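Going by this note's numbering, the sequence shown opens with residue 856, and the numbers climb by one from there. Cβ atoms here follow ideal geometry from the backbone N, Cα and C, with glycine treated the same way. What you are looking at is a predicted structure, and each value in this text was computed from that prediction instead of being measured.
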Amino acid sequence: METNQQQEHVHLLIIGSGPAGYTAAIYAARANLKPVLYQGIQPGGQLTITTEVENYPGYPEGVQGPEMMVDFEKQATRMGADIRFGLATSVDFSSQPYKITIDENKVMTADAVIIATGASAKWLGLPSEQRLNGSGVSACAVCDGFFFRGKDVVIVGAGDTAAEEALYLSKMCNNVHMVVRRHEMRASMIMQDRVMKTSNIMVYWNSETLEVLGENKVEGVKLLNNKTQEETTIPVSAFFVAIGHQPNSDIFKDVLELDEQGYIKTVPGSSRTSLEGVFACGDVQDKIYRQAVTAAGSGCMAALDAERYLSAKEHNN
Ligand code: NDP
């Protein structure tokens, strides 16, 4: 190790600051594990780029996503967790204690590690999509669909998530316009079948989005049929993107078992990864549910698993 690097040892290191990471920190601090949590590049995680959250239990009037994450952080701090700004840039899990490098210069060693680095929604990359993000453009139908009850909306994508979200939206919106870039869907047959049998879902095959229309809120969408080159404009109030997520697991790819999409594999019913003493929770290991409340629940599981692991380890020493 280079001599100019700083080094510090902790009992439990938590990487990531969404609902999973902060919940793990709350539980771990209360169990006296003295957790240190590094927040990563986007303190608060994906919820800091949403607006109102109405489906998190305990907030009867709803809450703004960024405000909720400030509450999570305050609670973790009040319990005694040490919350720090910094990004885990590499790990060395080849021997214990595990080594985690922060911001490429500080080396933390830890007896146990909880990974809660989350996932990032993929976007089409259109300037209009970026400009109207949070003003009708969303990557989460379950979070934001409710705000567009009775309205016409677009959903882009053709995987299981897009199919599931189109069905979810069809129950509350007037019409759901589903934009599929090829002549077929990737979603499982059963999901495709359900989509095709739902009368208020209109599928636009071979179609790409040229622009999301509207000044301060979504008012429509301009599509291009890539077979006929025909352009169509549809008036809609919301634009949902469901073209997949990218788990933030790059630094773990050579050290932990990941699935083919890069999600960290955990032992079912637990937060245990392929390496003992390393636990994963939240969206970095969950491609199905991806909700704040499920992430928080899995953060609790990770803290309890880490607590059991550390006390067994101490007992054996
Ligand atoms: P997927 O990667 O399966 O699908 C992404 C979809 O988005 C594809 O249809 C793809 O099109 C489309 N797409 C990608 N980029 C663009 C783009 N730039 N423009 C337009 N369309 C684009 O992601 P999902 O999130 O749907 O699913 C991820 C995994 O999670 C899958 O394994 C899925 O089965 C699973 N899942 C399971 C569920 C369940 O079991 N209930 C629920 C949700 C997800 P193309 O097909 O042309 O590549």
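Going by CA-CA distance only, name the one from the options that's closest to residue i.
{"i": "G989", "options": "V1073, T932, M923, L942", "result": "V1073"}
{"i": "V1035", "options": "L979, I970, P898, Y877", "result": "L979"}
{"i": "A1021", "options": "R1037, R1049, H1038", "result": "R1049"}
{"i": "N1071", "options": "S1043, S983, H1038, V1009", "result": "S983"}
{"i": "D966", "options": "G1075, G900, K889, E922", "result": "K889"}
{"i": "M924", "options": "T1128, V1076, T903", "result": "T903"}
{"i": "I896", "options": "K961, Y911, G871, G917", "result": "G871"}
{"i": "L1130", "options": "S1025, S950, T1016", "result": "S950"}
{"i": "V997", "options": "S1025, I869, R933", "result": "S1025"}
{"i": "L1165", "options": "A886, Y877, R933", "result": "A886"}
{"i": "I1045", "options": "L1065, A1018, Y1023, G1069", "result": "A1018"}
{"i": "T1083", "options": "G1069, I1089, E909, E1063", "result": "E1063"}
{"i": "R939", "options": "F948, D958, D947", "result": "D958"}
{"i": "Q901", "options": "G941, A931, A974", "result": "A974"}
{"i": "Q985", "options": "E1115, E1162, T1088, G1069", "result": "G1069"}
{"i": "V1011", "options": "L1065, S1054, K1052, M934", "result": "L1065"}
{"i": "I869", "options": "G941, I970, G913", "result": "I970"}
{"i": "G941", "options": "Q930, D926, Y1059, N960", "result": "N960"}
{"i": "T1088", "options": "Y1059, R1145, A1151, L1113", "result": "Y1059"}
Under 7 Å between the Cβ atoms of residue i and residue j?
{"i": "A936", "j": "A994", "result": "no"}
{"i": "A943", "j": "H1100", "result": "no"}
{"i": "H864", "j": "T964", "result": "yes"}
{"i": "A915", "j": "A1147", "result": "Sequence inspection shows Pro at residue 915; the Ala mentioned does not correspond to that position. The answer is no: Cβ separation not under 7 Å."}
{"i": "N1080", "j": "N1061", "result": "yes"}
{"i": "L1111", "j": "I1119", "result": "yes"}
{"i": "T972", "j": "V1139", "result": "yes"}
{"i": "V804", "j": "V1076", "result": "Because the chain spans 856 through 1172 in this model, residue 804 falls outside it and cannot be assessed."}
{"i": "L987", "j": "V1096", "result": "no"}
{"i": "G1117", "j": "S1104", "result": "yes"}
{"i": "Q862", "j": "V962", "result": "yes"}
{"i": "S1043", "j": "D1015", "result": "yes"}
{"i": "V908", "j": "G899", "result": "no"}
{"i": "I1106", "j": "V946", "result": "yes"}
For residue i, which residues of its own chain have a beta-carbon under 7 Å away from its beta-carbon, when the five flanking residues on both sides are left out?
{"i": "F1003", "result": "C1028, S1092, A1093"}
{"i": "R1127", "result": "T1121, F1134, D1160"}
{"i": "T932", "result": "I938"}
{"i": "S1054", "result": "none"}
{"i": "F948", "result": "V1110, L1130, V1133"}
{"i": "D1114", "result": "K1120"}
{"i": "F1001", "result": "E909, M1027"}
Give the C-beta separation of residue i and residue j to the nearest angstrom, bearing in mind that I take them to be a contact with Cβ-Cβ under 8 Å.
{"i": "G1132", "j": "G1154", "result": "17 Å between Cβ atoms; not a contact."}
{"i": "D1160", "j": "T1149", "result": "At roughly 16 Å, the Cβ-Cβ gap does not stay under 8 Å, so D1160 and T1149 are not in contact."}
{"i": "L892", "j": "G876", "result": "6 Å"}
{"i": "H1038", "j": "D1007", "result": "The pair is not a contact, with the Cβ atoms about 24 Å apart (cut-off 8 Å)."}
Sorted by chain position, which residues of the same chain lie with C-beta nearer than 6 Å to residue i's C-beta, five sequence neighbours on each side aside?
{"i": "A1158", "result": "A879, Y882, A883"}
{"i": "M1040", "result": "A1013, Q1047"}
{"i": "G1005", "result": "N1029"}
{"i": "Y953", "result": "A965, V968"}
{"i": "L981", "result": "none"}
{"i": "P1102", "result": "A974, G1117, Y1118, V1139"}
{"i": "M1156", "result": "S1126"}
Please work out which residues of its chain come closer than 8 Å, Cβ to Cβ, to residue i, disregarding the five sequence neighbours upstream and downstream, and give them in chain order.
{"i": "E857", "result": "In this predicted model, E857 has a pLDDT of only 46, less than 50, meaning its place in the structure is not dependable; the value taken from the coordinates is given anyway. Excluding residues within five positions, none has a Cβ falling inside 8 Å."}
{"i": "Y911", "result": "V918, M923, A1147, V1148"}
{"i": "E928", "result": "S872, Y877, P898, G899, I938"}
{"i": "E1085", "result": "L1079"}
{"i": "E1162", "result": "Y882, A883, A886, L888"}
{"i": "A1167", "result": "none"}
{"i": "M934", "result": "A880, I881, A884, R885"}
{"i": "P1090", "result": "D1007, E1074, G1075"}
{"i": "G1152", "result": "T878"}
{"i": "D926", "result": "V918"}
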